[in-house]
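Engineer: According to mature numbering (1 follows the signal peptide of the UniProt record, and there is no 0), the residues represented by the sequence shown are -19 to -1, 1 to 176, in order. My questions will all concern the structure given below.
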Amino acid sequence: MLSTVFALSALAVVSHSLAIPVESADRIELASCPFPNNTATALNMYSCSNSGDTIEVKWVRITDLNGVDMYPIDPRKPFILELVAFNNGPDYEDNKVDVRVFEYQKSWSTGQCGWAEIPTFGALNGIDGCEFAHNCPLTSGDLDLKIELDLSPYSNIISMLTANSAIQLNISMKDFNPGSKHEEITCVVAQLKIN
């Protein structure tokens, strides 16, 4: 019993002597980052397509189910994604979508604000674009699409995001027509504010 008391006392002395006082200037402060690319007030979208991609997205608008502009986005509620695009390729009867999610935040290591990927462990890979968006076939030529999106099946990933923050979605669509090599047909980056 006495040896246990001595051991615990010695441990307390060692741990106290190894403690390094933290000056107030050395403390890490968790500050929020400003919204990048005007995402505080509007969606920022651009193409990340490769030269071989066949679908060019021209613009995107997000509304509620009644057609009223919706911004910022509440990912727990269904919304409409209106998109205007042009398909330079064949009709696509089947497609799969991979999505990567990033949050704009301050880095612990550098103190700089930037996009940090949120691990989804493949949960947003291989999404059946036709089933999810109900927009197949994607025909050749002009595409004016109104896609109702309900992200509630992905609530476990959404819960990892900070409310009132900027997120970035990297969306890559791949051709899954019979005989295809599953090549990318379009890629879009959407940066937006979520509630």
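Each residue gets a CB set at the ideal place from its N, CA and C atoms; glycine is no exception. Note that the structure is a prediction, hence the values are computed from the model and not measured.
Relative to the C-alpha of residue 114, which residue among 31, 139, 132 is closest?
Structural biologist: Residue 114 has its Cα closest to that of 132, out of 31, 139, 132.
Engineer: Among residues of its own chain, excluding the 5 on either side of residue 14, which ones have a beta-carbon nearer than 7 angstroms to its beta-carbon?
Structural biologist: Hits under 7 angstroms: 85, 86, 87, 94.
Engineer: Give the straight-line distance between the Cα atoms of residue 147 and residue 109, rounded to the nearest whole angstrom.
Structural biologist: Answer to the nearest angstrom: the Cα atoms are 26 angstroms apart.
Engineer: Starting from residue 113, trace the alpha helix (DSSP H) in both directions and tell me its first and last residue.
Structural biologist: Run containing residue 113: 110 to 114, per the alpha helix (DSSP H) assignment.
Engineer: Mind checking residue 156: buried by the 16 CB within 10 Å criterion, or exposed?
Structural biologist: Under this definition residue 156 is a buried residue.
Engineer: Expressed to the nearest angstrom, what Euclidean distance is found between the alpha-carbon atoms of residue 28 and residue 44?
Structural biologist: Each residue's alpha carbon lies about 21 angstroms from the other.
Engineer: Let's test the definition: count the other Cβ atoms within 10 Å of the Cβ of residue 171 and tell me whether it reaches 16, buried, or not, exposed.
Structural biologist: Counting Cβ neighbours within 10 Å, residue 171 comes out buried, since at least 16 surround it.
Engineer: Could you tell me the alpha carbon to alpha carbon distance between residue 31 and residue 92, rounded to whole angstroms?
Structural biologist: Going by the C-alpha atoms only, they are around 32 angstroms apart.
Engineer: Taking 8 angstroms as the threshold (C-beta atoms), are residue 167 and residue 38 in contact?
Structural biologist: Yes.
Engineer: Going by C-alpha distance, which of 118, 52, 23 is nearest residue 70?
Structural biologist: Comparing Cα-Cα distances from residue 70 to each of 118, 52, 23, the minimum goes to 118.
Engineer: According to the neighbour-count rule (16 or more other Cβ atoms, all chains shown, within 10 Å of its Cβ), is residue 46 buried or exposed?
Structural biologist: The residue is exposed, with fewer than 16 neighbouring Cβ atoms inside 10 Å.
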